[in-house]
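**Student:** Structure provided below as structure tokens; questions to follow.
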Amino acid sequence: MQTDIEIASQVKMKPIEEIAKILGLKEDEWEPYGKYKAKLSLASMDRLKEREDGKLILVTSINPTPAGEGKSTVTVGLGQALHKMGKKSVIALREPSLGPTMGIKGGATGGGYSQVVPMEDINLHFTGDIHAITTANNALSAFIDNHIFQGNECGIDARRIVWKRVVDLNDRALRQVIVGLGGVKQGVPREDGFNITVASEIMAIFCLAKDLQDMRTRLSKIVVGYTGDGSPVTVADLGVEGALTLLLKDALMPNLVQTVEHTPAIIHGGPFANIAHGCNSLIATKMASKLGDYAVTEAGFGADLGAEKFLNIKARMGELDPKVVVIVATIRALKMHGGVPQTDLKEENIQALHEGMANLEKHIETIQSFGLPFVVAINRFVTDTDQEVNALKTWCSERGVKVALTEVWEHGGAGGMELANQVVALAEQDSSSFQPLYHVKDTIQDKIACIAKKVYGAKNVNYTALAKQQIEEIEANGWSDLPVCMAKTQYSLSDDPKKLGRPVDFTLTVSEFRPSIGAGFLVALTGDVLTMPGLSKQPAALKMDVDDHGRAIGLF
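Under my numbering, think of the first position of the sequence shown as 8, with each following residue one higher.
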């Protein structure tokens, strides 16, 4: 069996100008970035603003296993299937972070015959967007330390700086560091730390900004720390929002590439869904909707994370109107939720499969609570038996749930035709009655209780003493009307990654709040979620190399 990168290397890509022509873009609305990539001008949205939006399709999933469940593969495959049907489809995806690429998962551009290309470029440095965000974030750190060194006009309390440096890698050794050592000329010594770039508030701002000026305004609102009396200090107080915008202006242009079947794909932005809001940029999603009859996008991890944030945060801020949701389910993940160890998932186990379906059932209820029609996509793996597939189909049929066997890894768009037909039928019925689950004017505790109980299935929510104190500070600063972005493990509906399936009667514990005022939401940390992951004992990087011709090996 060929690997993803071997399949991708055999694809004869079309020059990017041909993909731009498929979308009807004018010559001055895109800039080539080599032969097979392009940056899309934000000015094109002015020409397209009166055009009716295409139908927006959101792809989400059940709680995944550590290896992922092929949600990006299904997203790409669905886009290709719609293209085969004669629909003008555009795919909108996130940019892969080097953290998981070099860590557990390897590459993140889909798989098999449903992936975006050039996959090695996209999985590595791509067009430099994430590096630009890293640079802007760390420039702000430098401006903060220089401000203190040069006299500290804003009165920043060095013990209350909340802005951290970032790097786009999993590096646990950088979680807590000391900066400014070496004497008077080296600055003021203080505690600092690193997050992974995709957890930076600048990444969230980048992905929620409506245009360049909106991004500048949001950057100015970032809270970098507090004075001795607890007053917030912002980027606007430091006067560096213009410099940060300058560093990001080119990156804000979405990236155009293609799938292995030459379906247009816009890849832009990449926040994690377990520690951030987990969706590609709002600009890219809106552009895909204006350029296509169907825009197919995804949200990270399960419906309890990425989809909840897409619907409660991104769709609210961007005034998006999703028409259909696809819930990706895999036999192997359902068996794991039914108690099968990860090492035994290749073995047939109908009983465990049935027990694990409780997890799928909860995600179905979550999507229904938003008033959205949906289809369950069974993303078939080669180890799935016919008996297991039929058992899942029967379970769905008995509950009146629309289900489609999806074999897009092996067959590309042709393997997603059943899914595409069901998605089109639902989209054309236009039966969506989408509404976010809570009002932003609700109290912080009510918003979190809504998510915890309706989406996770929690019985209660507990707050640490620190979290309670921070709620008072948030309210005093006038920030309580913002949406909540939950930071939670992706592996469980609860805040405990070991509680698989559908846990009940559990208490969710909120340990800390991190206000992201520029992004426009409040991050609530639960469990042991880390904003700087670490590498595993056998990271994917150990299998990566280049051949004698400089071609990548082992990205997936």
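The beta carbon of each residue, even a glycine, is placed where N, CA and C say it ideally should be.
Are the beta-carbon atoms of VAL173 and THR204 separated by less than 8 Å?
**Tutor:** Against a cut-off of 8 Å, the Cβ pair of THR204 and VAL173 comes out as a contact.
**Student:** For the alpha helix (DSSP H) holding ILE129, just list the boundary residues, first then last.
**Tutor:** That run of the alpha helix (DSSP H) goes 126-130.
**Student:** To the nearest angstrom, report how far apart LYS33 and LEU63 are at their CA atoms.
**Tutor:** Approximately 23 Å between the Cα atoms of the pair.
**Student:** Going by beta-carbon coordinates alone, are VAL83 and VAL169 separated by less than 8 Å?
**Tutor:** No. Outside cutoff.
**Student:** ALA322 and VAL97 look like a contact to me (Cβ under 8 Å); what is the Cβ gap, rounded to whole Å?
**Tutor:** Between VAL97 and ALA322 the Cβ distance is about 18 Å, and since that is not below 8 Å, they are no contact.
**Student:** Could you name the residues that DSSP lists as bridge partners for ARG172?
**Tutor:** In DSSP, ARG172 forms a bridge with PHE201.
**Student:** Are three or more beta carbon pairs between the stretch 222-238 and the stretch 154-166 nearer than 8 Å?
**Tutor:** These segments touch.
**Student:** Please name the residue or residues paired with LYS330 in a DSSP beta bridge.
**Tutor:** LYS330 pairs with nothing; no bridge assigned.
**Student:** Go to SER487, then tell me how far its alpha helix (DSSP H) extends in each direction, as first and last residue.
**Tutor:** Looking at the DSSP string, SER487 is not in any alpha helix (DSSP H), and its letter there is neither H nor E.
**Student:** What does the alpha-carbon distance come out to for the pair ASP128 and ALA559?
**Tutor:** Their Cα atoms are separated by approximately 9 Å.
**Student:** Can you tell me whether LEU263 is buried or exposed, with buried defined as 16 or more other CB within 10 angstroms of its CB?
**Tutor:** LEU263 comes out buried.
**Student:** Pick out the complete alpha helix (DSSP H) segments inside the stretch 391-439, 4 residues or longer, and give them in chain order.
**Tutor:** The qualifying runs are 393-405, 415-418 and 424-436.
**Student:** Suppose contacts are defined by Cβ-Cβ distances below 8 Å. Is PHE150 in contact with VAL247 by that definition?
**Tutor:** Yes, Cβ-Cβ distance for PHE150 and VAL247 is below 8 Å.
**Student:** Taking C-alpha atoms, which residue in GLN122, LEU254 and ARG339 lies nearest to ASN144?
**Tutor:** Of GLN122, LEU254 and ARG339, the residue nearest in Cα terms is LEU254.
**Student:** Check for me: the beta strand (DSSP E) holding ASN467 runs from which residue to which?
**Tutor:** Per DSSP, ASN467 belongs to the beta strand (DSSP E) from 467-470.
**Student:** For the structure I just gave you, are there three or more beta carbon pairs, one from the stretch 285-302 and one from the stretch 201-218, closer than 8 Å?
**Tutor:** Yes: at least three Cβ pairs fall under 8 Å.
**Student:** DSSP on PHE308, reduced to helix/strand/coil?
**Tutor:** Correct three-state label for PHE308: coil.
**Student:** At which residues does the alpha helix (DSSP H) containing VAL382 begin and terminate?
**Tutor:** Looking at the DSSP string, VAL382 is not in any alpha helix (DSSP H); the run it does join, the beta strand (DSSP E), is 381-386.
**Student:** Which of the three DSSP states, helix, strand or coil, is assigned to PHE317?
**Tutor:** The answer is helix: DSSP assigns PHE317 an H, G or I state.
**Student:** Give me, in chain order, the residues of the same chain whose beta-carbon lies closer than 8 Å to that of HIS418; leave out the 5 immediate sequence neighbours on both sides.
**Tutor:** Same-chain partners within the cutoff: TYR120.
**Student:** In chain order, what residues of the same chain lie with their CB nearer than 6 Å to the CB of LEU532, ignoring the 5 residues before and after it?
**Tutor:** Once the five neighbours on either side are set aside, the close Cβ partners of LEU532 are ALA494, SER518 and GLU519.
**Student:** Quick check on DSSP: helix, strand or coil for GLY158?
**Tutor:** GLY158 falls in the coil class under three-state DSSP.
**Student:** Where does GLU76 land, buried or exposed, given buried means 16+ other C-beta within 10 angstroms?
**Tutor:** Label assigned to GLU76: buried.
**Student:** By alpha-carbon positions, which one of LYS505, PRO540 and LEU131 ends up nearest to MET343?
**Tutor:** Nearest option by C-alpha distance: LYS505.
**Student:** For GLY525, collect the residues of the same chain with a Cβ closer than 7 Å to its Cβ; drop the 5 residues on either side in sequence, then sort them by chain order.
**Tutor:** Result list for GLY525: GLU208, ILE212, ARG225, LEU226, LYS228 and ILE229, in chain order.
**Student:** Going straight from the alpha carbon of THR304 to that of GLN394, what length do you get?
**Tutor:** Using only the alpha carbons, I get a separation of about 31 Å.
**Student:** Should THR514 be labelled buried (16 or more other beta-carbon atoms within 10 Å of its own) or exposed?
**Tutor:** Result: exposed.
**Student:** Give the C-beta separation of SER499 and ASN70 to the nearest angstrom, bearing in mind that I take them to be a contact with Cβ-Cβ under 8 Å.
**Tutor:** With a Cβ gap of about 6 Å, SER499 and ASN70 count as contacting.
**Student:** Classify GLY118 as helix, strand or coil using the three-state DSSP reduction.
**Tutor:** In the structure shown, GLY118 sits in a strand (DSSP, three-state: E or B).
**Student:** So what's VAL242 in DSSP terms, helix, strand or just coil?
**Tutor:** Of the three classes helix, strand and coil, the one that applies to VAL242 here is helix, per DSSP.
**Student:** Between which residues of its own chain and TYR445 is the CB-CB distance below 6 Å, once the five residues before and five after are set aside?
**Tutor:** Once the five neighbours on either side are set aside, the close Cβ partners of TYR445 are LYS454 and CYS457.
**Student:** Which two residues bound the contiguous alpha helix (DSSP H) that contains ILE282?
**Tutor:** From DSSP, ILE282 is part of no alpha helix (DSSP H); its letter is neither H nor E.
**Student:** So, is ASN281 buried or exposed, given that buried needs 16 or more other C-beta atoms within 10 angstroms?
**Tutor:** ASN281 comes out buried.
**Student:** Quick check: the stretch 318-336 against the stretch 48-65, are there 3 or more CB pairs under 8 Å?
**Tutor:** At 8 Å Cβ cutoff, the stretches touch.
**Student:** Mind the definition here: the stretch 12-27 touches the stretch 256-271 only if three or more C-beta pairs lie below 8 Å; say whether that holds.
**Tutor:** These segments touch.
**Student:** Work out the CA separation of THR241 and VAL408 for me, nearest whole Å.
**Tutor:** Approximately 49 Å between the Cα atoms of the pair.
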